[in-house]
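Protein chains in written order, with our numbering: chain A, 628 to 969; chain B, 628 to 969; chain C, 628 to 969.
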Amino acid sequence: MKLSEIAAHIGAAFSGSSGEDIEISGISSPGSASPDKITFVSDAKYLEQGKASSAGAIIVKKGCGFSEKPCLEVDDPYLGYAQVAQLFEDITPLFGEGIHKSAIIDESAVIDKSSSIGPMTVIGANVRIGAHCRVDAHCVIERDVTIGKSVRIDSGAIIRYGVQIGSQVIIQSGAVVGSDGFGNARDKDSKFIRIPCFGTVLIEDGVEIGAGVTIDRGNFEPTIIGKGVKLDNLVHIAHNVTIGENTAIAAQTGISGSTQVGKRVIIAGQVGFVGHINIGDDSFVGAKAGVSKDVDVGARVTGYPARDLMTVRRIEASSSQLPELLKEVKKLRTELNALAER
Amino acid sequence: MKLSEIAAHIGAAFSGSSGEDIEISGISSPGSASPDKITFVSDAKYLEQGKASSAGAIIVKKGCGFSEKPCLEVDDPYLGYAQVAQLFEDITPLFGEGIHKSAIIDESAVIDKSSSIGPMTVIGANVRIGAHCRVDAHCVIERDVTIGKSVRIDSGAIIRYGVQIGSQVIIQSGAVVGSDGFGNARDKDSKFIRIPCFGTVLIEDGVEIGAGVTIDRGNFEPTIIGKGVKLDNLVHIAHNVTIGENTAIAAQTGISGSTQVGKRVIIAGQVGFVGHINIGDDSFVGAKAGVSKDVDVGARVTGYPARDLMTVRRIEASSSQLPELLKEVKKLRTELNALAER
Amino acid sequence: MKLSEIAAHIGAAFSGSSGEDIEISGISSPGSASPDKITFVSDAKYLEQGKASSAGAIIVKKGCGFSEKPCLEVDDPYLGYAQVAQLFEDITPLFGEGIHKSAIIDESAVIDKSSSIGPMTVIGANVRIGAHCRVDAHCVIERDVTIGKSVRIDSGAIIRYGVQIGSQVIIQSGAVVGSDGFGNARDKDSKFIRIPCFGTVLIEDGVEIGAGVTIDRGNFEPTIIGKGVKLDNLVHIAHNVTIGENTAIAAQTGISGSTQVGKRVIIAGQVGFVGHINIGDDSFVGAKAGVSKDVDVGARVTGYPARDLMTVRRIEASSSQLPELLKEVKKLRTELNALAER
Chain A
628 MKLSEIAAHI GAAFSGSSGE DIEISGISSP GSASPDKITF VSDAKYLEQG
678 KASSAGAIIV KKGCGFSEKP CLEVDDPYLG YAQVAQLFED ITPLFGEGIH
728 KSAIIDESAV IDKSSSIGPM TVIGANVRIG AHCRVDAHCV IERDVTIGKS
778 VRIDSGAIIR YGVQIGSQVI IQSGAVVGSD GFGNARDKDS KFIRIPCFGT
828 VLIEDGVEIG AGVTIDRGNF EPTIIGKGVK LDNLVHIAHN VTIGENTAIA
878 AQTGISGSTQ VGKRVIIAGQ VGFVGHINIG DDSFVGAKAG VSKDVDVGAR
928 VTGYPARDLM TVRRIEASSS QLPELLKEVK KLRTELNALA ER
Chain B
628 MKLSEIAAHI GAAFSGSSGE DIEISGISSP GSASPDKITF VSDAKYLEQG
678 KASSAGAIIV KKGCGFSEKP CLEVDDPYLG YAQVAQLFED ITPLFGEGIH
728 KSAIIDESAV IDKSSSIGPM TVIGANVRIG AHCRVDAHCV IERDVTIGKS
778 VRIDSGAIIR YGVQIGSQVI IQSGAVVGSD GFGNARDKDS KFIRIPCFGT
828 VLIEDGVEIG AGVTIDRGNF EPTIIGKGVK LDNLVHIAHN VTIGENTAIA
878 AQTGISGSTQ VGKRVIIAGQ VGFVGHINIG DDSFVGAKAG VSKDVDVGAR
928 VTGYPARDLM TVRRIEASSS QLPELLKEVK KLRTELNALA ER
Chain C
628 MKLSEIAAHI GAAFSGSSGE DIEISGISSP GSASPDKITF VSDAKYLEQG
678 KASSAGAIIV KKGCGFSEKP CLEVDDPYLG YAQVAQLFED ITPLFGEGIH
728 KSAIIDESAV IDKSSSIGPM TVIGANVRIG AHCRVDAHCV IERDVTIGKS
778 VRIDSGAIIR YGVQIGSQVI IQSGAVVGSD GFGNARDKDS KFIRIPCFGT
828 VLIEDGVEIG AGVTIDRGNF EPTIIGKGVK LDNLVHIAHN VTIGENTAIA
878 AQTGISGSTQ VGKRVIIAGQ VGFVGHINIG DDSFVGAKAG VSKDVDVGAR
928 VTGYPARDLM TVRRIEASSS QLPELLKEVK KLRTELNALA ER
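This is how it looks when you write it as structure tokens:
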């Protein structure tokens, strides 16, 4: 791909010594890039690394261009990196085009001819799969599932019955979408009586689901993963949870039943949410937080129980002084008593 | 199903304006129920929602019946909901009755004729599967596994060699039962020497195992999941753990080796237990707790390290006053010193 | 196997009443061992249990031998147990020798004749598998993966394209090696732009990977799991993480992108690490810790935020006195004010 095409794709201004429109074969880090690769420097403090790189061209922040090599200047070089990386991604199906002869496709399933289905994958009754999807090996797509266009399902993912999936979705290996919710009533003998789930899961456009993620189906209404949501590995989403658009959730976080997460929320790793609470749009939840109450729009919380981030930081700092504080208060007591006796 | 049959099934008293024995085709939430559905109100404060529902009948708490529609009155409407939901659950095998032609069954395996085995499922030597089991697609049941009656194993679950499974058990997609325990000795060079496990896993009747759960086999004696235990998604059970009857464990909790959990214990999500401790019957462990010591029968603990629930709540409340407390103690010191000098 | 062979294998001195070189058929715990089994006592305080055991022989600490039965005395009986247990491990392939007829092997793949491939396993283009490997049922080994010698891959494990695996490696069921890293840039509309990963995962010799573990591929350079590293179940390793030799990580721990973990580090369960930090060699991280900064060589940390272990223990102990401390400071204030007024 010509450098000029890349520049046009990311809306970059050209700069640097050479206007030469070289051929670029890929993207790499400054340290490992060869002259046929483009690289990037997301922070101005790493600019020297960029200059020293063997890369043939570089994406830099607007105003940071230099004369050593062709520079593509953009507002956000990290974003530019992401956009260019997508240009060079290999999207040929891992096990070849078309439907692998070992796949088992129910005769009532309808799969677009442009989509590929890998070896041993099982596709149930009434499944609908749109154009340009890539389903790898050993996937199970149970009956009545609908899948939009350009969806990628990696080897070993399990999509349970009735799940609805939009377009441009990625579901990674080992993910389970549409497992039963964890709902149990308790009888008089403290025995649990399982509550079957009649709802499903709705995965909207642009969602990405990490390896080993589990998403439970709803009781009656669906569990909803909104447009553009990104879920890291081993995240657990319980029944009837709703996640708003463009929210990102890092690894091993768990969200209990019926909790509503807003839009553009950033949730760090290993966070836990109790059920039936609301997490406001544009809020932030720190790593390992335990969220037991509603979180306001735009709020930044952390800790367990989750509280305002700055408050938690202050408490943490104070807590290290606690052993000394105990001694000091004892001394104050002794001295005060002595003084009072005089 | 006739409303009168449903009432009989849950031991409900009839009430309300209409004694008409209508036909009910399913259960739904008050908001989404149509006139052919029954709904429920588990808490009296939502009674208005129940009255406003389009449902044809409703399950309510004893004494809360009203005249707008047929009411089934029971002591515990949430339990009634669970019981009625089970009546309407679709239990036809997802991939059809019988053994799918693509399944690979070792010739020494014995599978009851009433059970179904889904596409691509692999069943090893000497496996025994009882009546009315439903094993979906892409499961692996390794050699020497025994499975009782009416067991449901969802697509992609892995049951490793020698595991013993009772009746009425559910094992969800992506669960792994019988993985190796994490045991390592360390030699003089700090190199780990793996300890192979010769034990197995014993899953008793009525157990439910969520998606992505991992249960390790014992070293010599089996890891035991007692009758009626419910495990939510992504729970980890280490080798030689024993879980007592009717205990429930929420998502992403982990239990280390040889810990004994009692009966009817309620364990919230993301809890961690160290190994070799005893958790008393009827105890409660709060979300994200880190349990490093025995827990008494009936105790309620939370926090990390896990302590009595009320104590932890008091410490949490106090901790927010800690930054102010530090300032106040400094002031006391200054004032006391000044006073002493006078 | 003769007792004398076992003694030689673990470098044990004989002692005890009987020098008889009995035949041993396996190893078991003191409580369950029969006379044809050897057992062990790892701690001198359990020596009575060892004496009371029906085992035909016992591994004990040097100097702890007794006359009741043949004793193999070693420096570290727990290590001796591990070594002997490995002698008795059954390593016949679960689904038989050779390549199962239902496995799908790309014609460009090269598999050593001494290795076994289980039913329904899928092996992609250009895969290389060395001698004496055991791959069980329903595994997926995608294209361009290389696997050394004596590697064990349990049913249902997924090895994604390009992953490099050394020798003597164990990968348990449900593990996913080579999933995409969780990297996203954010555009001006707060929409996430996925960053494709061009790197891979490098699993060195002697590594063990638990059930349900997920290991992400690197952006450009590989994610590296060093020699002899042991990962318990449901551990998450993000892109470009490096784990040093002979480090052990307990269940449900997560390590964020680009963090470097040293050698011989012991990491307990449910720990979380932020990205881009360094964890020193020979350090220890306590259960449920949240590590947000570098950890020094040999340091012992715990808590969240992770701090020196002894400091955290002191703070924990002090914190229980916090509610009382608040009352005492209020009293001091009142009394001091009264005193000042006099």
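The C-beta atom is built at its ideal place from N, Cα and C for all residues, glycine as well.
Listed in chain order, which residues of the segment 865-888 of chain B have Cβ atoms closer than 8 Å to some Cβ of chain A? N873, A875, A877, A878, Q879
Measure the C-alpha to C-alpha separation of I792 of chain C and Q713 of chain B and round it to an integer number of angstroms. Walking along the third sequence from the start, residue 792 of chain C turns up at place 165. Walking along the second sequence from the start, residue 713 of chain B turns up at place 86. Rounded to whole angstroms, I792 of chain C to Q713 of chain B spans 47 Å at the Cα level.
Taking any Cβ of chain B, which residues in the segment 836-864 of chain C have a Cβ under 8 Å from it, in chain order? G837, A838, G839, G855, K857, D859, N860, L861
Since L829 of chain A sits in a beta bridge, which residues does DSSP pair it with? One-based indexing of the first sequence puts residue 829 of chain A at position 202. Beta-bridge pairing links L829 of chain A to A:Q791, A:I851.
Alpha carbon to alpha carbon, how far is I820 of chain B from K857 of chain C? Counted from its first residue, the second sequence places residue 820 of chain B at position 193. Counted from its first residue, the third sequence places residue 857 of chain C at position 230. One C-alpha to the other measures close to 10 Å.
Own chain partners of P657 of chain B with C-beta closer than 6 Å, once the 5 adjacent residues on each side are dropped: One-based indexing of the second sequence puts residue 657 of chain B at position 30. Cβ neighbours of P657 of chain B beyond the five flanking positions: T666, Q676, G677, S680.
What whole-angstrom Cβ distance do V749 of chain C and V778 of chain C have, given they're in contact under 8 Å? Here residue 749 of chain C corresponds to residue number 122 of the third sequence, with the count starting at 1. Here residue 778 of chain C corresponds to residue number 151 of the third sequence, with the count starting at 1. Not quite, the Cβ-Cβ distance comes to about 17 Å (not below 8 Å), so this is no contact.
Contacts around K763 of chain A, its chain only, beta-carbon distance under 6 Å, and the 5 residues preceding and following it disregarded: Stepping through the first sequence from its first residue, residue 763 of chain A is reached at position 136. Residue identity differs from the one stated: residue 763 of chain A is Asp in this sequence, not Lys. Same-chain partners within the cutoff: L721, G745, D781, S782.
Hey, out of C:Q710, C:A709, C:Y673, whose CA is closest to G692 of chain C's CA? Looking up residue 692 of chain C in the third sequence gives position 65. Closest by alpha carbon: C:Y673.
So A812 of chain A is in the beta strand (DSSP E); what residue range does that whole segment cover? By one-based count along the first sequence, residue 812 of chain A stands at place 185. Residues 811-813.
Grab me the residues of G853 of chain B's own chain with a C-beta within less than 8 Å of its C-beta, minus the 5 sequence neighbours each way, in chain order. Here the question's residue 853 of chain B lines up with position 226 in the second sequence. E831, V834, T869, I870, G871, E872, N873, T874, K890, listed in sequence order.
Find the residues of chain A that neighbour K818 of chain C, judging by a C-beta separation of less than 7 Å, and give them in chain order. Here residue 818 of chain C refers to the residue found at position 191 when the third sequence is read from its first residue. Near K818 of chain C (Cβ distances below 7 Å), the residues of chain A are G855, N873.
Closer than 8 Å between beta carbons: that is the criterion. Which residues of the segment 718-732 of chain A meet it against chain B? I731
Please tell me whether S659 of chain A has its Cβ less than 8 Å away from any Cβ of chain C. The count along the first sequence starts at 1 and reaches residue 659 of chain A at position 32. Yes, S659 of chain A lies at the interface with chain C (some Cβ there is under 8 Å from its Cβ).
What whole-angstrom Cβ distance do K707 of chain C and I637 of chain C have, given they're in contact under 8 Å? Counted from its first residue, the third sequence places residue 707 of chain C at position 80. Counted from its first residue, the third sequence places residue 637 of chain C at position 10. The displayed chain sequence assigns Gly, not Lys, to residue 707 of chain C. Yes, they are in contact, since the Cβ atoms of G707 of chain C and I637 of chain C sit about 5 Å apart, within 8 Å.
Own chain residues within Cβ distance below 7 Å of L936 of chain A, not counting five before or after: Locating residue 936 of chain A in the first sequence gives position 309, where the first residue counts as 1. Cβ within range, chain order: G913, R927, V928, T929.
For chain B, is any of its Cβ atoms less than 8 Å away from the one on I686 of chain A? In the first sequence, the residue the question calls residue 686 of chain A occupies position 59. So no, I686 of chain A is outside the interface.
Between C:T719, C:L959, C:R770, C:D733, which has its C-alpha nearest V790 of chain C's C-alpha? The residue labelled residue 790 of chain C in the question sits at position 163 within the third sequence. The candidate whose alpha carbon is nearest that of V790 of chain C is C:R770.
Just verifying my parser: in three-state terms, what is the DSSP assignment at S946 of chain A? As a working note, residue 946 of chain A is residue 319 in the first sequence. Looking at S946 of chain A - three-state DSSP - the assignment turns out to be helix.
Within 8 Å, strictly: CB atoms of S652 of chain C and D663 of chain C: As a position in the third sequence, residue 652 of chain C is number 25, starting the count at 1. As a position in the third sequence, residue 663 of chain C is number 36, starting the count at 1. Contact: yes.
What residues match up with Q887 of chain B in a beta bridge as DSSP calls it? Counting from one through the second sequence, the residue named residue 887 of chain B turns up at place 260. Note: Q887 of chain B sits in a beta bridge opposite B:T869, B:N905.
S806 of chain C - partner residues in DSSP beta bridges: As a position in the third sequence, residue 806 of chain C is number 179, starting the count at 1. Per DSSP, C:D843.
Local Cβ density within 10 Å of I633 of chain B, reported as buried at 16 or more and exposed below that: For the purposes of this step, residue 633 of chain B is taken as residue 6 along the second sequence, with counting starting at 1. With 16 or more other Cβ atoms within 10 Å, it is buried.
Check the Cβ-Cβ distances between A812 of chain B and every residue of chain C, and say whether any is below 8 Å. In the second sequence, residue 812 of chain B corresponds to position 185, counting from 1. Yes, A812 of chain B counts as interfacial toward chain C.
Establish whether the CB of R787 of chain A and some CB of chain F are separated by less than 8 Å. Within the model displayed, chain F is absent; protein chains A, B and C are what it includes.
Considering only residues of the same chain and omitting the five flanking positions on each side of A877 of chain A, which have a CB-CB separation below 6 Å? Position 250 of the first sequence, counting from 1, holds the residue named residue 877 of chain A. The residues are D859, A895, G896.
Using only alpha-carbon positions, find the residue among B:S729, B:T719, B:G775, B:H765 that is nearest to I738 of chain B. Position 111 of the second sequence, counting from 1, holds the residue named residue 738 of chain B. Here the closest residue by C-alpha is B:G775.
Listed by chain order, chain B residues near V772 of chain A by CB distance under 7 Å: Counting from 1 along the first sequence, the entry for residue 772 of chain A is found at position 145. Within chain B, no residue comes near V772 of chain A; the closest Cβ sits about 11 Å away, beyond 7 Å.
Which residues in chain C have a C-beta closer than 9 Å to the C-beta of V956 of chain A? List them in chain order. By one-based count along the first sequence, residue 956 of chain A stands at place 329. The answer, in chain order, is L952, E955, V956, L959.
Rounded to whole angstroms, what is the Cα-Cα separation between G723 of chain A and G751 of chain C? Taking the first sequence and counting its residues from 1, one reaches residue 723 of chain A at position 96. Taking the third sequence and counting its residues from 1, one reaches residue 751 of chain C at position 124. Taking the straight line joining both Cα atoms gives about 10 Å.
When burial is assigned at 16 or more other CB atoms within 10 Å of the CB, is E647 of chain C buried or exposed? Along the third sequence, one-based indexing puts residue 647 of chain C at 20. Looking at its Cβ environment, which holds fewer than 16 other Cβ atoms inside 10 Å, E647 of chain C is exposed.
Quick one: which residues of the segment 785-809 of chain C get their C-beta closer than 7 Å to a C-beta of chain A? List them in chain order. I785, R787, Y788, G801, V803, S806, D807, F809
Following the continuous beta strand (DSSP E) through K664 of chain A, name the residue where it begins and the one where it ends. Sequence index remark: in the first sequence, residue 664 of chain A carries index 37 (1-based). Segment 664-667, the beta strand (DSSP E) holding K664 of chain A.
Rounded distance between the beta-carbons of T880 of chain C and G902 of chain C, thought under 8 Å: Sequence index remark: in the third sequence, residue 902 of chain C carries index 275 (1-based). Sequence index remark: in the third sequence, residue 880 of chain C carries index 253 (1-based). Contact doesn't hold; Cβ gap of about 14 Å is too wide.
Quick check on the burial criterion: 16 or more other C-beta atoms within 10 angstroms. Buried or exposed for K688 of chain B? Residue 688 of chain B sits at position 61 when you count from the first residue of the second sequence. Buried, by the Cβ-count rule.
Measure the CB-CB distance between V924 of chain B and I904 of chain B and report whether it falls below 8 Å. Numbered from its first residue, the second sequence carries residue 924 of chain B at position 297. Numbered from its first residue, the second sequence carries residue 904 of chain B at position 277. Taking 8 Å as the Cβ cut-off, V924 of chain B and I904 of chain B do not qualify as a contacting pair.
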